[in-house]
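For reference, the structure discussed in these notes is given below.
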Amino acid sequence: MRSRLLPLLLFSLVASILPGALADSVLLKNGTEIKGEIISDGPEGVLIEYYATATIKDQKCFKKEEVAKVVTVAEDERAFVELSNIKAPATALDTSFYDSLVDKKIPTFIKVYPYSSHLASLRETLRALDEERSRIRCGDRKIDGVWITSAQIATDPYNSGARIKFTEMKLAAGNDDPVASLQAYELLEKNYPGAAQMPDALDLAMKELDQLQAKISMDKANLAVTDINRQKAIAAAQPDQAKIMKDAMAKEDLAAKTAGKAATLDGSKFFTIYPNNKESLDALQAVVTGERTRLALLQRTPMREGLAASKEASRMVVSRNLKEATEQLISAEKLWPQNAEIVNLRKEVEELSKAPTPAPSVPAKS
0 MRSRLLPLLL FSLVASILPG ALADSVLLKN GTEIKGEIIS DGPEGVLIEY
50 YATATIKDQK CFKKEEVAKV VTVAEDERAF VELSNIKAPA TALDTSFYDS
100 LVDKKIPTFI KVYPYSSHLA SLRETLRALD EERSRIRCGD RKIDGVWITS
150 AQIATDPYNS GARIKFTEMK LAAGNDDPVA SLQAYELLEK NYPGAAQMPD
200 ALDLAMKELD QLQAKISMDK ANLAVTDINR QKAIAAAQPD QAKIMKDAMA
250 KEDLAAKTAG KAATLDGSKF FTIYPNNKES LDALQAVVTG ERTRLALLQR
300 TPMREGLAAS KEASRMVVSR NLKEATEQLI SAEKLWPQNA EIVNLRKEVE
350 ELSKAPTPAP SVPAKS
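Shown next, in the form of structure tokens:
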């Protein structure tokens, strides 16, 4: 008796814990509940697909006399799961997040399920997302929940551009794409070399070089095994299949060479990793080694100290202490000559120096 009850007990435990929150269910007369997806419900019984483990699905058919109750999730509720937790991203530099939702997914749901109780909330979500997408199309950008308008970007293109490019770099790093992150850094350093974001961007670039190095090292270590397996597969294949394999390898080699050339033409040192191409990996390795040396030297520049000095100079300008502001600017330039704030602050100091000193107020006679 014990040997028959144990499998049933284990089945009950697995079937009731592993499936997702939204699922069909079969309640058996013995009290066992199985959650999953009802495949069929007919005279022969109820067939349900469920998770036997966290990753493995299984199917089981229960006879009608075993079943006490069958609960099926409505189609619109099942379809709504994908759309239920949509939130606009805190950072949006392009419309990629919005496009499929606004143009396809939400309108399709509304069309297919016009009876759904979720229509009102989805229409409001659609309106809000479309509004944000329109802002981005007009040139606005959102960073960490704060909008930068196109007018603000036009008024201060240098600082706005640097902030946007650094955000692109961080997003790529968060997506485990060191190549894209380092490409963004290259543009930041090239176009905004004196931006306040440079010290943090430089530190992140060094981390991304480490990430890229790890990927290259892993791919190079696997290269010999991969090549042997490829050659074995070609040798064992039929002539037509072997030709297809060889053509695919040649195509991949060409793509690797093309990627490197395209990156050079675009002014970038970095290009997509092709894990099965030794020439490509060696070329990328050389770039990583050279850039790590160059950036390590650049990190010796006391950028943060220079920014602190220019910030203090700005505070002195606001308080009209022009002598102290000038001294701080001289210090800032010695620390980090490329600091873009120095030029702007010098102009402010010069303009204030030329402005007439207001005459002291004379108390009125009583």
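Numbered by numbering that gives the first Met the number 0, the letters in the sequence shown go through residues 0 to 365 in order. Where a beta carbon is used, it is the ideal one built from N, C-alpha and C, also for glycine.
Please state whether DSSP places residue i in a helix, a strand or coil.
{"i": "I147", "result": "strand"}
{"i": "K68", "result": "strand"}
{"i": "F10", "result": "Summary for F10: the model assigns pLDDT 48, below 50, so the residue's position carries little reliability; its value from the coordinates is reported in the next sentence. Helix, per DSSP."}
{"i": "G173", "result": "helix"}
{"i": "F269", "result": "coil"}
{"i": "Q230", "result": "helix"}
{"i": "R1", "result": "Unreliable placement is indicated for R1, whose pLDDT of 42 sits below 50; the coordinate value is still reported in the next sentence. In the structure shown, R1 sits in a helix (DSSP, three-state: H, G or I)."}
{"i": "L17", "result": "Reliability fails at L17, whose pLDDT of 45 lies under 50, so the model's placement of it is uncertain and the value that follows must be treated cautiously. Here L17 sits in coil by DSSP."}
{"i": "Y97", "result": "helix"}
{"i": "E48", "result": "strand"}
{"i": "S133", "result": "helix"}
{"i": "G193", "result": "coil"}
{"i": "R140", "result": "strand"}
{"i": "K28", "result": "coil"}
{"i": "I341", "result": "helix"}
{"i": "Q58", "result": "strand"}
{"i": "D23", "result": "strand"}
{"i": "D218", "result": "helix"}
{"i": "D40", "result": "strand"}
{"i": "K366", "result": "It is not possible to answer for residue 366, since the shown part of the chain is limited to 0 through 365."}
{"i": "A153", "result": "helix"}
{"i": "A53", "result": "coil"}
{"i": "A324", "result": "helix"}
{"i": "A73", "result": "coil"}
{"i": "A354", "result": "coil"}
{"i": "K346", "result": "helix"}
Going by C-alpha to C-alpha distance, which of the options sits closest to residue i?
{"i": "N322", "options": "A67, R345, V101", "result": "Position check: residue 322 holds Lys in this sequence, whereas Asn was assumed. Among A67, R345, V101, the Cα nearest to that of K322 is on R345."}
{"i": "E311", "options": "L328, P301, R299", "result": "L328"}
{"i": "V316", "options": "E340, P42, P88", "result": "E340"}
{"i": "D143", "options": "A91, T71, I33", "result": "A91"}
{"i": "I105", "options": "A89, E131, A78", "result": "A78"}
{"i": "N84", "options": "C137, T124, T154", "result": "T124"}
{"i": "Q337", "options": "G160, V111, I243, R303", "result": "R303"}
{"i": "K219", "options": "D176, F165, E278", "result": "E278"}
{"i": "P349", "options": "Q210, L334, R319, S149", "result": "Looking at the sequence shown, residue 349 is not Pro but Glu. The residue with the shortest Cα to Cα distance from E349 is R319."}
{"i": "C137", "options": "S313, S309, T94, S115", "result": "T94"}
{"i": "V178", "options": "V287, Y157, F108", "result": "V287"}
{"i": "K56", "options": "G35, D98, V72", "result": "G35"}
{"i": "V377", "options": "S115, A53, G41", "result": "The structure shown does not extend to residue 377, since the chain spans only 0 to 365, so no value can be given for it."}
{"i": "G44", "options": "E64, I227, G30", "result": "E64"}
{"i": "A282", "options": "A354, Q196, T300, K256", "result": "K256"}
{"i": "P198", "options": "P301, P156, S313, A324", "result": "P301"}
{"i": "D176", "options": "A67, S352, D155, L211", "result": "L211"}
{"i": "T154", "options": "E326, A324, I227, D139", "result": "D139"}
{"i": "G30", "options": "G41, E290, A236, K68", "result": "K68"}
{"i": "T292", "options": "I272, D209, A324, I109", "result": "D209"}
{"i": "P42", "options": "T225, A53, V66, F108", "result": "V66"}
{"i": "R126", "options": "L100, D239, R314, T148", "result": "L100"}
Since residue i contacts residue j with CB under 8 Å, what's their CB separation in whole angstroms?
{"i": "L181", "j": "A204", "result": "6 Å"}
{"i": "V70", "j": "D102", "result": "Contact doesn't hold; Cβ gap of about 35 Å is too wide."}
{"i": "A172", "j": "E130", "result": "About 29 Å separates the two Cβ atoms, so there is no contact after all."}
{"i": "Q97", "j": "L128", "result": "In the sequence on display, residue 97 carries Tyr and not Gln. Indeed they touch by this definition, with Cβ atoms about 5 Å apart."}
{"i": "D75", "j": "Y50", "result": "Wrong, their Cβ atoms sit about 23 Å apart, outside the cutoff."}
{"i": "L248", "j": "R229", "result": "This sequence places Met at residue 248; Leu is not what is there. M248 to R229, Cβ: 7 Å. Contact."}
When the distance is taken between beta carbons, is residue j closer than 9 Å to residue i?
{"i": "F61", "j": "L21", "result": "no"}
{"i": "A200", "j": "Y184", "result": "yes"}
{"i": "M244", "j": "A254", "result": "no"}
{"i": "L46", "j": "I33", "result": "no"}
{"i": "N275", "j": "E251", "result": "yes"}
{"i": "L82", "j": "L121", "result": "yes"}
{"i": "A241", "j": "A234", "result": "yes"}
{"i": "A331", "j": "L306", "result": "yes"}
{"i": "K189", "j": "G266", "result": "yes"}
{"i": "I384", "j": "L280", "result": "The structure shown does not extend to residue 384, since the chain spans only 0 to 365, so no value can be given for it."}
{"i": "D202", "j": "Q298", "result": "yes"}
{"i": "A213", "j": "N158", "result": "no"}
{"i": "K141", "j": "P192", "result": "no"}
{"i": "R132", "j": "W146", "result": "no"}
{"i": "L334", "j": "A308", "result": "yes"}
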